[in-house]
Amino acid sequence: MGDGGNSWNSSRRERKQTGRATHHTWMTSSDTEFIHIAGTAGASAEAVARPAPKSLPDILPILGLSDIVMFPGMVAPLLVESAQSTRLIDDVVAGDRLLGLVLQHNPEAENPKPHELYRFGCVGRVMKMLKFPDNSVRVLIEGLRRFEVKEYISEDPYLCARVQSVPDQQEEGLEMTALARNAQLQFQEILNLSPALSEQVKINAVNTDQSGKLADLIAANLNLNLEERQALLEVGSVKERLTRLLPLMSRELEVLSLGSKIQKEVATSMSKTQRDFFLREQIRAIQSEFGETDHSMADTTQLRDQIDTVGLPEDIKRVAMKELERLQAIPFTAAEYTVSRNYLDWLVNLPWTRTTEDKIDLKAAARILDEQHFGLQKVKDRLLEFLAVLKMKEQLKGPILCLVGPPGVGKTSLGKSVADALGRKFIRIALGGMRDEAEIRGHRRTYVSALPGRILQSLRRVDSRNPVILLDEIDKVGSDYRGDPAAALLEVLDPAQNNTFTDNYLDVPFDLSRVLFITTANWLDPIHPALRDRLEVIEIPSYTAAEKLEIAKRHLLPRQLEEHGLKKKHVRIPDKTLRKLIQDYTREAGVRNLEREIGALVRKVTRKIVSSEAIQPAVTILPEDLTESLGAPRFQSEVAEKLKDSGIAIGLAWTPVGGDILFIEATRMPGKGRLILTGSLGDVMKESAQTALSYLRSQADKLKIDISGLDKEDVHIHVPAGATPKDGPSAGSVIVVALASLLTRRLVRSDTAMTGEISLRGRILPVGGIKEKTLAAARSRLKQVILPDENRKDWNEVPAEVRAKMTVHFVKHISELIPLALSPK
Numbered sequence: 000m001g002d003g004g005n006s007w008n009s010s011r012r013e014r015k016q017t018g019r020a021t022h023h024t025w026m027t028s029s030d031t032e033f034i035h036i037a038g039t040a041g042a043s044a045e046a047v048a049r050p051a052p053k054s055l056p057d058i059l060p061i062l063g064l065s066d067i068v069m070f071p072g073m074v075a076p077l078l079v080e081s082a083q084s085t086r087l088i089d090d091v092v093a094g095d096r097l098l099g100l101v102l103q104h105n106p107e108a109e110n111p112k113p114h115e116l117y118r119f120g121c122v123g124r125v126m127k128m129l130k131f132p133d134n135s136v137r138v139l140i141e142g143l144r145r146f147e148v149k150e151y152i153s154e155d156p157y158l159c160a161r162v163q164s165v166p167d168q169q170e171e172g173l174e175m176t177a178l179a180r181n182a183q184l185q186f187q188e189i190l191n192l193s194p195a196l197s198e199q200v201k202i203n204a205v206n207t208d209q210s211g212k213l214a215d216l217i218a219a220n221l222n223l224n225l226e227e228r229q230a231l232l233e234v235g236s237v238k239e240r241l242t243r244l245l246p247l248m249s250r251e252l253e254v255l256s257l258g259s260k261i262q263k264e265v266a267t268s269m270s271k272t273q274r275d276f277f278l279r280e281q282i283r284a285i286q287s288e289f290g291e292t293d294h295s296m297a298d299t300t301q302l303r304d305q306i307d308t309v310g311l312p313e314d315i316k317r318v319a320m321k322e323l324e325r326l327q328a329i330p331f332t333a334a335e336y337t338v339s340r341n342y343l344d345w346l347v348n349l350p351w352t353r354t355t356e357d358k359i360d361l362k363a364a365a366r367i368l369d370e371q372h373f374g375l376q377k378v379k380d381r382l383l384e385f386l387a388v389l390k391m392k393e394q395l396k397g398p399i400l401c402l403v404g405p406p407g408v409g410k411t412s413l414g415k416s417v418a419d420a421l422g423r424k425f426i427r428i429a430l431g432g433m434r435d436e437a438e439i440r441g442h443r444r445t446y447v448s449a450l451p452g453r454i455l456q457s458l459r460r461v462d463s464r465n466p467v468i469l470l471d472e473i474d475k476v477g478s479d480y481r482g483d484p485a486a487a488l489l490e491v492l493d494p495a496q497n498n499t500f501t502d503n504y505l506d507v508p509f510d511l512s513r514v515l516f517i518t519t520a521n522w523l524d525p526i527h528p529a530l531r532d533r534l535e536v537i538e539i540p541s542y543t544a545a546e547k548l549e550i551a552k553r554h555l556l557p558r559q560l561e562e563h564g565l566k567k568k569h570v571r572i573p574d575k576t577l578r579k580l581i582q583d584y585t586r587e588a589g590v591r592n593l594e595r596e597i598g599a600l601v602r603k604v605t606r607k608i609v610s611s612e613a614i615q616p617a618v619t620i621l622p623e624d625l626t627e628s629l630g631a632p633r634f635q636s637e638v639a640e641k642l643k644d645s646g647i648a649i650g651l652a653w654t655p656v657g658g659d660i661l662f663i664e665a666t667r668m669p670g671k672g673r674l675i676l677t678g679s680l681g682d683v684m685k686e687s688a689q690t691a692l693s694y695l696r697s698q699a700d701k702l703k704i705d706i707s708g709l710d711k712e713d714v715h716i717h718v719p720a721g722a723t724p725k726d727g728p729s730a731g732s733v734i735v736v737a738l739a740s741l742l743t744r745r746l747v748r749s750d751t752a753m754t755g756e757i758s759l760r761g762r763i764l765p766v767g768g769i770k771e772k773t774l775a776a777a778r779s780r781l782k783q784v785i786l787p788d789e790n791r792k793d794w795n796e797v798p799a800e801v802r803a804k805m806t807v808h809f810v811k812h813i814s815e816l817i818p819l820a821l822s823p824k
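Going letter by letter, the sequence shown gives residues 0 to 824 in numbering that gives the first Met the number 0.
See the structure below:
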């Protein structure tokens with residue numbers, strides 16, 4: 000913006016206008032002492048004022064302006080740097096001092112071409128000029144009148160154009176008078192709120208009586224961008240120019256009024272802060288004069304700034320300021336100084352108010368879950384329902400999800416998928432083996448090297464108060480003399496309490512209600528009952544063989560190829576090879592061992608490719624190649640051949656790693672009528688064996704069992720894998736069948752497995768883990784399962800492909816069980 004006055008000595012703001020072809024700089028009045036009139040050497044230092052010419056020449060030299068628009072009546076200094084523009088100025092000063100000033104479309108153009116310039120400009124007259132040793136030229140130019148470029152007639156040595164003057168189109172009437180008066184009043188208000196504008200502008204605004212000059216004065220001094228200025232320059236009608244200026248002035252007046260209001264409010268609020276600052280600076284100066292140095296001053300200043308800027312809640316801010324005052328009174332060399340300093344550092348760096356914006360898109364969430372996990376449809380549906388409620392309610396205070404399932408089924412990765420679907424940050428805290436309550440609640444500050452608990456440490460690390468926190472292996476939490484972490488988790492995982500979670504280190508409440516907690520466990524029994532009551536359990540079942548095949552093809556094999564630097568073109572593992580790998584080399588609920596075996600195969604292919612100098616074709620691994628690569632099969636695919644003696648039955652068991660089959664072996668020998676039990680059996684399983692033998696003795700006649708010699712014989716029941724503890728009531732039906740087989744000397748069907756609790760009355764009672772047990776039977780290629788009748792509802796949870804391959808029998812009584820389990824004579 001240039002000043003509306005014509006005086007070189009009027010006060011102006013010093014501002015730099017950037018550009019290449021023309022570099023413009025606002026000049027102060029002190030610059031006039033060094034300016035001389037261009038022309039002959041030794042000319043006078045004062046320019047002789049010349050009246051504006053009544054008519055313009057038809058042809059003018061054109062100077063491109065990079066970041067300023069000249070208006071008639073405007074005086075502005077320009078710094079000319081390019082050689083072409085410098086020659087133009089020399090020729091203009093040597094002649095009539097008139098030139099055309101036109102804004103460039105591209106301010107970076109050093110020597111703009113005609114198409115890079117606007118069509119309208121302003122005729123300028125060079126009033127003063129000063130040359131510098133670096134060949135740049137500073138000139139003072141006065142704007143005279145508008146013109147329109149008709150055509151460019153030359154480009155060398157500089158641009159020259161044929162121009163036509165654009166006179167002001169002055170209109171008379173009441174409307175014009177009202178427009179001019181309204182514009183003048185608004186401009187006076189803007190001047191009153193803009194102390195940076197010079198007094199000369201204010202004087203000219205009061206004394207200008209021509210509407211056209213008033214409009215140009217306002218346009219030259221209003222805070223507008225170049226496009227808005229150029230648009231005003233191109234308007235010849237004074238009425239239209241004032242009409243366009245009024246909304247622009249209203250906008251500027253509103254901005255200035257708001258800025259003035261904000262400045263007053265800031266000044267009021269900052270008065271106390273500034274006073275405190277000046278007092279602290281005076282204290283520092285006094286200490287410096289005495290030769291004393293305050294090493295803690297930088298720390299306290301930095302902490303004070305953080306407390307004021309990070310947006311702490313009011314109650315936390317009061318605690319922080321009180322602790323800061325205490326810190327200032329502690330000597331820098333005292334041990335307590337570090338304790339207090341670290342406490343404040345934790346206090347101001349926790350995300351008290353910083354959150355991550357949720358991006359809950361159920362379709363995208365479903366796509367992420369499907370991409371990262373195969374199968375588990377019921378689990379995915381429950382997680383999507385959880386996200387839907389969270390989207391509807393925005394802040395969900397409900398049960399904490401607990402993903403329960405055997406190892407390797409994807410519990411941890413499901414938690415990560417939930418974080419990805421929400422767009423939140425993800426934290427995994429491993430609880431396995433944790434025995435110290437301070438790991439959750441933190442240590443009190445009285446201890447050396449005390450820190451907050453892992454919950455708050457994790458929140459500070461991700462700098463968000465609403466991440467997804469996965470508490471992994473919650474069933475592995477222990478306890479000792481240092482406390483019980485499970486008890487500390489009661490507050491963390493209770494939605495009604497965790498909004499005021501108090502860490503021992505901070506000793507102030509922190510709101511954990513925005514955190515989405517997800518826990519994982521292999522089984523629920525070790526979890527504290529009060530803690531289990533706070534969890535909503537989502538059971539993740541074992542994978543079927545078909546699911547493992549798809550997971551291997553979609554996830555495990557591509558991941559192993561990438562980790563070993565191979566591509567699909569290097570190795571092929573057909574489906575039949577993967578099936579054999581699943582059946583003969585792995586026997587698990589998840590897919591961890593399967594991935595290890597696939598990794599072993601890929602490593603051997605990698606070695607073969609690297610060892611060979613010739614280009615290797617794609618390596619195809621067939622089922623018969625597995626023995627050479629991985630050794631003999633680790634598991635027997637068939638179990639029927641094992642049941643060649645009476646007294647052996649196949650049972651189904653549930654373990655934390657999924658379902659499994661077990662063999663119950665019974666034999667009789669001369670003795671004193673004792674019942675011998677071996678195989679690391681628990682009390683419940685021992686009682687089931689005693690119940691089974693008692694029932695058979697009491698119902699011997701009905702079942703046509705000969706027990707005449709049992710008083711002189713001992714019965715021995717053994718469960719193989721003696722190093723593994725075994726317990727539970729579900730083996731009752733297997734034990735009674737094994738004993739019935741022993742006493743009747745009939746073989747148990749080799750393709751049949753069973754589970755169920757028994758009573759002395761012969762009832763078959765329901766048990767748990769039906770799905771996992773049935774999957775174990777399917778993995779072992781059994782054809783039939785016998786289940787308690789009250790477990791019919793659980794049969795629908797078994798995958799359809801398994802149900803299609805197996806025959807199920809539901810029984811209510813032992814009298815129904817024995818005929819189904821024993822082979823015909």
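Glycine is no exception: its CB is placed at the ideal position from the N, C-alpha and C atoms.
- By the Cβ test, the segment 93-105 is not in contact with the segment 179-191, since fewer than three Cβ pairs between them sit closer than 8 angstroms.
- Arg531 carries a helical assignment under DSSP once its states are collapsed to helix, strand and coil.
- The C-beta distance from Asp506 to Leu455 rounds to 12 angstroms, too long to meet the 8 angstroms contact threshold.
- The C-beta of Gly721 has fewer than 16 other C-beta atoms within 10 Å across all chains shown, which makes the residue exposed.
- The three-state reading of DSSP puts Phe809 in strand, counting E and B together.
- Pairing Arg444 with Met391, the inter-Cα distance amounts to about 41 angstroms.
- Look at Val408 here: in three-state DSSP terms it is coil, with no helix or strand label.
- Between Lys811 and the set Gly99, Thr773 and Val766, the nearest pair of CA atoms involves Val766.
- By the beta-carbon neighbour count (other beta carbons within 10 angstroms, threshold 16), Val265 is exposed.
- About 23 angstroms separates the beta carbons of Leu361 and Thr411, which is beyond the 8 angstroms limit, so they are not a contact pair.
- Inter-residue distance for Arg633 and Arg586 is about 9 angstroms (C-alpha atoms, whole angstroms).
- DSSP places Ser164 outside any alpha helix (DSSP H); the residue lies instead in the beta strand (DSSP E), whose first and last residues are Cys159 to Val165.
- The beta carbon of Asp493 is closer than 6 angstroms to those of Arg533 in its chain, skipping five residues each way along the sequence.
- Within the same chain, Pro765 and Ile769 come within 6 angstroms of Asn790 by CB-CB distance, once the 5 residues on both sides are set aside.
- With the rule of 3 Cβ pairs closer than 8 angstroms, the segment 416-434 counts as touching the segment 446-462.
- Per DSSP, Leu488 is one residue of the alpha helix (DSSP H) stretching across Pro484 to Val491.
- Each of Ser697, Asp369 and Val79 was checked against the Cα of Ser814, and the nearest Cα belongs to Ser697.
- With fewer than 16 other Cβ atoms from the protein chains shown falling within 10 Å of its own Cβ, Gly310 counts as exposed.
- The alpha helix (DSSP H) runs lying completely inside the segment 416-460 and spanning 4 residues or more are 437-440, given in chain order.
- DSSP places Met128 within a strand segment (E or B) once states are collapsed to three.
- In this chain, the beta strand (DSSP E) harbouring Leu400 covers Ile399 to Val403.
- In this structure, Leu402 lies away from Ala485, with their beta-carbon atoms at least 9 angstroms apart.
- Spatial neighbours of Glu771 in its own chain (CB-CB distance under 6 angstroms, excluding positions within 5 residues in sequence) are listed in chain order as Ser541, Trp653, Gly657 and Gly658.
- In the three-state scheme derived from DSSP, where H, G and I count as helix and E and B as strand, Glu107 is classed as coil.
- Assigned with DSSP and collapsed to three states, Leu661 falls in strand.
- Note on Arg118: under 16 other CB atoms within 10 angstroms of its CB, so exposed under the neighbour-count rule.
- DSSP places Met69 in the coil class of the three-state scheme, outside both helix and strand.
- Taking the CA atoms as reference points, Ala775 sits about 41 angstroms from Arg513.
- Spatial neighbours of Glu538 in its own chain (CB-CB distance under 6 angstroms, excluding positions within 5 residues in sequence) are listed in chain order as Val403.
- The DSSP-derived three-state label of Tyr151 is strand.
- Using a 10 angstroms sphere on the CB of Val797, the tally of other CB atoms reaches 16 or more, which defines it as buried.
- When secondary structure is reduced to three states using DSSP, Pro823 falls in the coil class, being assigned neither helix nor strand.
- In the three-state scheme derived from DSSP, where H, G and I count as helix and E and B as strand, Lys725 is classed as strand.
- Rounded to the nearest whole angstrom, the C-alpha separation of Val68 and Asp357 is 48 angstroms.
- Gly598 is not a Cβ neighbour of His569, given a cutoff of 9 angstroms.
- DSSP places Leu774 inside the alpha helix (DSSP H), whose first and last residues are Ile769 to Arg778.
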